[in-house]
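Student:
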Amino acid sequence: MTDIRDTVILGSGCAGLTAAIYTGRAGLNPLVLEGHEPGGQLSITSLVENFPGWPEGVQGPDLIANMKKQAARFGATYELAHVVAADLSSNPIKIKTSTGEILTRTLIVASGASARWLGLPSEQALIGKGVSSCATCDGFFFRGKEIAVSGGGDSAMEEALFLTRFASKITLIHRRDEFRASKIMVDRVAAHPQIELRTNTVIEEVLGVEEGEVRGLKLRDVKTGAVSELAVSGLFLGIGHEPNAKMFAGQMDLDQDGYIKTVSNVLCTLNGKPIPGVFACGDVQDRRYRQAITAAGSGCMAALEAEKYLEEHGH
Ligand code: NAP
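Start counting the sequence shown at 2; every next residue gets the next number (the numbering used here).
1. Looking at I171 and A149, is the spacing between their C-beta atoms short of 8 Å?
2. Just checking H175 against ligand 1 - is the residue's beta carbon closer than 7 Å to any of the ligand's heavy atoms?
3. Whose C-alpha, out of E102, L43, D7, is nearest the C-alpha of A1?
4. Out of A21, D4, T3, which one is the CA nearest neighbour of L11?
5. Between the C-alpha atoms of T105 and G17, what's the straight-line distance to the nearest angstrom?
6. Using beta-carbon positions only, say whether V190 and L198 come within less than 8 Å of one another.
7. Could you compute how far the alpha carbon of T270 sits from the alpha carbon of G25?
8. Return the first residue and the last residue of the alpha helix (DSSP H) that E102 is part of.
9. Would the beta-carbon of Q195 fall within 8 Å of that of T165?
10. Ignore the nearest five residues each way along the sequence and tell me which others in G131's own chain have a CB closer than 7 Å to its CB.
11. DSSP three-state label for F167, please.
12. Within 7 Å: the Cβ of L236 and any heavy atom of ligand 1?
13. Under 8 Å: do the segment 66-73 and the segment 83-101 share three or more Cβ pairs, one atom per stretch?
14. Rounded to the nearest angstrom, what separates S151 and D178 at their Cα positions?
15. How is D222 classed by DSSP in three states: helix, strand or coil?
16. Kindly examine ligand 1 and report whether one of its heavy atoms sits closer than 7 Å to the Cβ of D287.
17. I'd like the span of the alpha helix (DSSP H) that includes K70, first residue to last.
18. Determine whether the beta carbon atoms of V267 and F280 lie at a separation below 8 Å.
19. Closer than 7 Å to a non-hydrogen atom of ligand 1 - does that hold for the CB of A145?
20. Are the beta-carbon atoms of V85 and T98 separated by less than 8 Å?
21. Classify P31 as buried or exposed, calling it buried when 16 or more other Cβ atoms lie within 10 Å of its own Cβ.
22. Sorry if obvious, but does the Cβ on D256 come closer than 7 Å to a heavy atom of ligand 1?
23. Runs of 3 residues minimum, wholly inside the segment 247-303: which ones carry the beta strand (DSSP E) assignment?
24. With which residues is I10 paired in a DSSP beta bridge?
25. DSSP three-state call for A149: helix, strand or coil?
This is the structure:
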């Protein structure tokens, strides 16, 4: 018979690993399913300057590696698997993963949010060949080149400004003429000599599929319908993130954009009522702050709630 675990944590980013440290120290031997993007978004970041306790900053991958080591010291184990389906109404909770089935008394969902893509076949074909969703990871490859950034929010502005360190020219393409980004960021972008703004414009195709590398974009002006080509060697997407909670649709309350709705910070609900033993933390339930430190904070809360739940149920 399959063993019943006390705690399974989905996701190995800042939230999941903090939950693993706390549940590990509580003697719950947490199993961490590392998910599609092991280490989460910090593992693809460079310098993190706002995580308290690191006066000179810390590299994102180092921070994650240390958290992983720290949780392992208290008994956390890791599996390179992701969740395919789950039955959250059963007791114990049943989880079907990419490698098997697991039974657990508590489940902590820390599956994060992944970068959003335009969804064009040509874009998908050229990911890693000039198309990227991570300026800090890939900006370096575009030294002295002309590139484009897509989006009109703070992420796109931040990416464009960051990429001016490498690229000779950046065209920021946005589908409307109003920006979601804060005024200060838009002003900085608009004033930057290396950045050109192209509003009311959509990307219809990324050119270069046959050559195996980005060589330009086919653009359409949404006001005039005019189609044009822009020669660039890279395209960075800064169009937001998708929470990784689709596998729980129908089993827990999600908001209109698919983020997990929680009560008392980390309790997952179905029709507004808490689901026994199921908790969520980090970016999958936080569309507002999305910071490493807030993810860590909610990971801690989820772990303490899981511990309390087990104690109250005699485990
Ligand atoms: P966001 O604010 O949701 O903006 C996403 C942008 O991408 C929007 O301009 C949207 O256009 C565009 N977009 C979405 N789907 C698209 C598609 N299929 N094709 C073309 N364009 C598309 O996301 P975000 O910029 O990632 O920011 C998320 C949150 O994090 C915000 O609260 C933001 O303030 C915060 N953040 C803050 C900072 C900072 O303060 N330094 C940095 C990064 C993020 P529309 O406007 O037309 O919908």
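Beta carbons are placed, not taken as given, at the ideal position from N, Cα and C, and that holds for glycine.
None of the values given here were measured: they were computed from a predicted structure.
Tutor: According to the data block:
1. Yes, the Cβ-Cβ distance between A149 and I171 is below 8 Å.
2. Yes, ligand 1 has a heavy atom inside 7 Å of this Cβ.
3. Missing from the structure shown is residue 1; the chain here goes from 2 to 316 and no further.
4. L11 has its Cα closest to that of A21, out of A21, D4, T3.
5. Cα-Cα distance, rounded: 16 Å.
6. Yes.
7. T270 and G25 have their C-alpha atoms roughly 25 Å apart.
8. Not the alpha helix (DSSP H): E102 falls in the beta strand (DSSP E), residues 102-110.
9. In this structure, T165 lies closer than 8 Å to Q195 by Cβ.
10. Setting aside the 5 residues that flank it on each side, G131 is surrounded in the same chain by G209, E214, V215, S234, G235, L236, each with a C-beta closer than 7 Å to its C-beta; the list follows chain order.
11. F167 falls in the coil class under three-state DSSP.
12. Exclusion of L236 from the 7 Å shell around ligand 1 follows from its C-beta lying no nearer than that to any non-hydrogen atom of the ligand.
13. Taking 8 Å as the limit for Cβ pairs, the verdict is that the segment 83-101 does not touch the segment 66-73.
14. Take the alpha-carbon of S151 and the one of D178: they are about 13 Å apart.
15. When DSSP states are grouped into helix, strand and coil, D222 belongs to the strand group.
16. Checking the Cβ of D287 against ligand 1 gives no.
17. Unbroken alpha helix (DSSP H) run through K70: 61-74.
18. A contact, by the Cβ cut-off of 8 Å.
19. As written in the sequence, residue 145 is Gly, which differs from the Ala given in the question. G145 has its CB no nearer than 7 Å to any heavy atom of ligand 1.
20. The Cβ-Cβ distance between V85 and T98 falls below 8 Å.
21. So P31 ends up on the buried side.
22. D256: no, Cβ never under 7 Å from ligand 1.
23. You should have 268-271, 274-281.
24. Bridge partners of I10: V33, I109.
25. In the structure shown, A149 sits in a strand (DSSP, three-state: E or B).
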